[in-house]
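Structure first, commentary second.
Numbering (our numbering), first residue to last: 18 to 301.
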């Protein structure tokens, strides 16, 4: 008898505990749902959503073009709930990556939050440093309308207008990342790796000390290069050689007096591809 009563009491206590757990769970779910709705509502209020995009640093790329790319990245929602325009959740890295990918002219971009409704896109555009004019050397007077701009890192980024004379130094030859193609087909590629291009630029700058005016450089193949000078002569050297030793050998030619002794003759070429053995020729 007492056992039956105890069982009933235990059953009633169990039911009561289950009801309490159910009520607590229901309250917890309700609180979570209300809180979630509140967060979603707060994320959508006008005061914390981007309305203004400020563009800084652009010149060749228009403000309209840049705003279109940014606006595309801000379109839509996360998980169909949170707007991508929310100042706390907007896709900062996706915006900057999309801007760099969309425009070869731009090499860097960053986002600065101005206030709860305004972001600033700061871009850095590539500046013309030299010209890339195709696979094969052409007389620099005949390359009008056939060249693209290179920046100081050796990146081919935009078509160049027609230039007369030697306003810009010119590069020819196959690029390091694609074996062939016209200057317009290779937009977005590097003429050569940045570190090698930087070293080559410093090397070419040293020619001023020798009172020589280089006007173009041609990558002849995977190994050899050719530098054309303003007077029409040219210098050959190997890409696998130390540029310091190449410059030293070139200086030794001038210091020897060989060139100066023949001022009445036109230099044809100097070949520096064979280490300390230097070959040169004058025009007959």
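Just so it is clear, CB atoms sit at the ideal spot from N, CA and C, and this is done for glycine as well.
Residue 264 and residue 231 have their C-alpha atoms roughly 14 Å apart. Spatial neighbours of residue 75 in its own chain (CB-CB distance under 7 Å, excluding positions within 5 residues in sequence) are listed in chain order as 83, 140 and 142. In the structure shown, residue 171 adopts coil according to DSSP, grouped into three states. The beta carbon of residue 70 lies closer than 7 Å to those of 84, 87, 136 and 138 in the same chain, with the five residues before and after it left out. Secondary structure within the segment 99 to 164: the alpha helix (DSSP H) runs of 4 or more consecutive residues, fully enclosed, are 109 to 119 (chain order). Per the DSSP secondary-structure output, residue 178 pairs with nothing in a beta bridge. In the structure shown, the three-state DSSP call for residue 218 is helix.
Contact between residue 253 and residue 286 holds, since their C-beta atoms are separated by about 7 Å, short of 8 Å. In the structure shown, residue 76 falls within a coil segment according to DSSP collapsed to helix, strand and coil. DSSP, read as helix, strand or coil, puts residue 45 in helix. In terms of Cα proximity to residue 294, the closest of 262, 283 and 68 is 262. In this structure, DSSP gives residue 37 a helical state, which the three-state scheme calls helix. Rounded to whole angstroms, the Cβ separation of residue 186 and residue 121 is 20 Å, and the two are not in contact under 8 Å. Within the same chain, 67, 101, 102 and 107 come within 7 Å of residue 91 by CB-CB distance, once the 5 residues on both sides are set aside. Residue 232: member of the beta strand (DSSP E) spanning 231 to 236, first to last residue. Here the alpha carbon of residue 291 sits roughly 11 Å from the alpha carbon of residue 241. Straight-line spacing of the CA atoms in residue 289 and residue 267 works out to 8 Å.
The C-beta of residue 63 has fewer than 16 other C-beta atoms within 10 Å across all chains shown, which makes the residue exposed. Just so you know, the alpha carbons of residue 41 and residue 65 end up roughly 34 Å apart. Per DSSP, the beta bridge partners of residue 241 are 255.
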